[in-house]
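Below: one structure, written as structure tokens.
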Amino acid sequence: MQSQHLRDITRSITYDRLLPKLNSVAQGNGRIDGLDLSYCICVDYLSSFIFGYSNGTNYLSQPKSAIDVWRFHYENLMCQESFFVQETPSLYKLLRYISIDLLPRKYTESADFLERWMSDMASKADRATDRKRSTGLPLALEDEPVVYDMAKEAVRKDSPHLSEGDQRKQVASEMFDHICLVLGYAFWYLAQHPDAQQRIQTELNSQGIDMRSRETVTNSSKRPRAVELDSLPYLRAVIDECLRMRPTSTPLPRITPPNRKVSVAGIDGIPPGTRINTFQWFVHRDPQKWDNAHDWNPDRWLTRGNTDNKNEREDVLWAFASGPRMCLGNNWTYYAMQHILATICSSFNFTALPREESQCWPGSPEDELPIRVCLRN
46 MQSQHLRDIT
56 RSITYDRLLP
66 KLNSVAQGNG
76 RIDGLDLSYC
86 ICVDYLSSFI
96 FGYSNGTNYL
106 SQPKSAIDVW
116 RFHYENLMCQ
126 ESFFVQETPS
136 LYKLLRYISI
146 DLLPRKYTES
156 ADFLERWMSD
166 MASKADRATD
176 RKRSTGLPLA
186 LEDEPVVYDM
196 AKEAVRKDSP
206 HLSEGDQRKQ
216 VASEMFDHIC
226 LVLGYAFWYL
236 AQHPDAQQRI
246 QTELNSQGID
256 MRSRETVTNS
266 SKRPRAVELD
276 SLPYLRAVID
286 ECLRMRPTST
296 PLPRITPPNR
306 KVSVAGIDGI
316 PPGTRINTFQ
326 WFVHRDPQKW
336 DNAHDWNPDR
346 WLTRGNTDNK
356 NEREDVLWAF
366 ASGPRMCLGN
376 NWTYYAMQHI
386 LATICSSFNF
396 TALPREESQC
406 WPGSPEDELP
416 IRVCLRN
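In our numbering, each residue's number is its place in the sequence shown (first place is 1) plus 45.
What follows is the structure, given as structure tokens:
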């Protein structure tokens, strides 16, 4: 995660979009929704990383209504009726054949919206690549659709039977990342703990890392590359604790071996071919494995003893799962969160505002994390 392409995109997102937005908020009434901010950052960041900076989105510079529309359609993809597609596929296909669709109209409309949205960015990336080839003129490094081109080539090799349109959909589906929720709640937890913000700033200062502007980053004798931020123990502890408190993955289903019974999590005699799920929320909040499991406490990651073998511990962070199906985006998640949190804590203080209690799903359009932003002295 130390490519110049990613570094250029990171600087453009943070210093040309994020900091100007927060400066504008701080000079106004200071109020912002941490979830809205998180979605704007993450969608802009990830789309730029995949398709190129000029081909991605720019929600950080647009009115709030723009990201509201996107979040509305994104949420509609998670409809409860999709149960029938997954659990009773034959019945679902049969009913579709006789013109009965168990999925609500809003699902289809939102799926179409998001497919067009992603297809537009893919088309812009394709045109940029074609223009580069035809003119011989190079693109700015941050505008190169590096990830998209690599993914497109991989899909061509792995799925040659798919049409060009289906191949593009498969590539574009990588846009749906779940970091938005955990980053939004990272803002919220830090807003509730001003001392944690100060500790991050103190840690940056102790290493001579100045992230207040593009100029200070470029001219610093110790440039805040990923390896330097990754060496800051408290910043890492804050991110780990946010991932523990707000794991972002859906349940992780697995099928037991087809030829024997197995024992899992203390349950013996599970029959062959049984589907089992692991819920990270419960793994991370098991009071038998975690002290004060429901409290946000980054220091727990700094005082975990000297056990080197994680298999000897039960209080293990499992935000990205493990094994051969471990989430491939774990390194990018740490990279992005380290840069975003370090940059914001270098220039701003933020405090939590009163929040109405509701029964909405965390991260849904009905959820809100109201924060007041002010410039750091």
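Glycine residues also receive a C-beta, built at the ideal position from the N, C-alpha and C atoms.
Nearest neighbour of residue i, chosen from the options [CA to CA]
i: Tyr380; options: Leu280, Asp336, Glu413 and Phe395; result: Leu280
i: Glu401; options: Thr378, Tyr90, Asp78 and His339; result: Asp78
i: Pro303; options: Ile315, Ala310, Ala236 and Gly311; result: Ile315
i: Asn74; options: Glu132, Ile95 and Phe395; result: Phe395
i: Tyr119; options: Asp285, Trp162 and Leu64; result: Trp162
i: Ser391; options: Asp53, Leu67 and His50; result: Leu67
i: Lys109; options: Tyr84, Glu126, Gly101 and Ser93; result: Tyr84
i: Asn322; options: Asn342, Pro298 and Asp89; result: Pro298
i: Thr378; options: Val70, Ser57, Ala71 and Val88; result: Val88
i: Trp363; options: Met256, Cys287, Ala196 and Ile245; result: Cys287
i: Val114; options: Leu140, Phe94 and Leu159; result: Leu159
i: Trp406; options: Asp344, Asn121, Tyr234 and Trp346; result: Asn121
i: Cys124; options: Tyr137, Lys138, Ala111 and Thr153; result: Thr153
i: Phe94; options: Lys138, Pro65, Asn422 and Asp188; result: Asp188
i: Gln72; options: Asp412, Glu411, Phe393 and Ser409; result: Phe393
i: Ile245; options: Tyr230, Ser276 and Leu226; result: Ser276
i: Val283; options: Ala236, Asp344, Phe324 and Leu226; result: Asp344
i: Leu80; options: Tyr60, Ala111, Val227 and Cys419; result: Val227
i: Cys225; options: Leu420, Asp336 and Pro292; result: Pro292
i: Gly374; options: Thr55, Leu91 and Tyr60; result: Leu91
i: Glu126; options: Asp285, Lys151, Pro239 and Gly253; result: Lys151
i: Arg320; options: Val328, Val309, Val361 and Arg421; result: Val309
i: Asn250; options: Leu274, Gly229 and Asp175; result: Leu274
i: Asp285; options: Thr301, Ser409, Asn337 and Leu347; result: Leu347
i: Ser409; options: Ile112, His339 and Ile300; result: Ile112
i: Gly253; options: His238, Ser204 and Arg270; result: Arg270
i: Gln237; options: Ser403, Ile312, Asn422 and Pro399; result: Pro399
i: Tyr193; options: Ala338, Thr301 and Ser168; result: Ser168
Opposing strand residues paired with residue i [DSSP bridges]
i: Thr396; result: Arg417
i: Asp78; result: Pro415
i: Val309; result: Ile312
i: Arg433; result: The displayed coordinates of the chain run from 46 to 422. Any statement about residue 433 would go beyond what the structure contains.
Bounding residues of the alpha helix (DSSP H) (the contiguous stretch that carries residue i)
i: Lys334; result: No alpha helix (DSSP H) holds Lys334; DSSP gives it neither H nor E.
i: Ala167; result: Arg150 to Thr180
i: Arg244; result: Pro239 to Ser251
i: Ser48; result: Neither: Ser48 is in no alpha helix (DSSP H) and is coded neither H nor E.
i: Ser69; result: Leu64 to Gln72
i: Cys287; result: Pro278 to Met290
i: Glu198; result: Val191 to Asp203
i: Tyr142; result: Pro134 to Tyr142
i: Asp146; result: Here Asp146 belongs to no alpha helix (DSSP H), and DSSP marks it neither H nor E.
i: Tyr60; result: Tyr60 -> no alpha helix (DSSP H), and no H or E assigned at all.
i: Ile112; result: Lys109 to Asn121
i: Val328; result: Gln325 to His329
i: Glu273; result: Ala271 to Leu274
Cβ-Cβ separation, residue j to residue i (assumed contact under 8 Å), whole Å
i: Ile416; j: Ala397; result: 6 Å
i: Leu184; j: Ala199; result: About 21 Å; that fails the 8 Å criterion.
i: Phe232; j: Leu105; result: Their Cβ separation, rounded to whole angstroms, is 14 Å, which puts Phe232 and Leu105 out of contact at 8 Å.
i: Phe96; j: Met166; result: 5 Å
i: His384; j: Val191; result: Rounded, the Cβ-Cβ distance is 18 Å, inconsistent with contact.
i: Met382; j: Trp341; result: No, Met382 and Trp341 are not in contact; Cβ-Cβ is about 15 Å, not under 8 Å.
i: Ala170; j: Asn100; result: 5 Å
i: Leu186; j: Asp53; result: 5 Å
i: Arg305; j: Pro317; result: 6 Å
i: Ser258; j: Tyr60; result: 6 Å
i: Leu235; j: Gln242; result: 5 Å
i: Asp255; j: Thr247; result: Between Thr247 and Asp255 the Cβ distance is about 13 Å, and since that is not below 8 Å, they are no contact.
i: Ser48; j: Tyr98; result: Actually they are not in contact, since the Cβ atoms of Ser48 and Tyr98 sit about 14 Å apart, beyond 8 Å.
i: Ile86; j: Leu64; result: The pair is not a contact, with the Cβ atoms about 11 Å apart (cut-off 8 Å).
i: Val418; j: Val70; result: 5 Å
Determine contact between the segment 145-157 and the segment 117-135, defined as no fewer than three beta-carbon pairs at a distance below 8 Å.
yes
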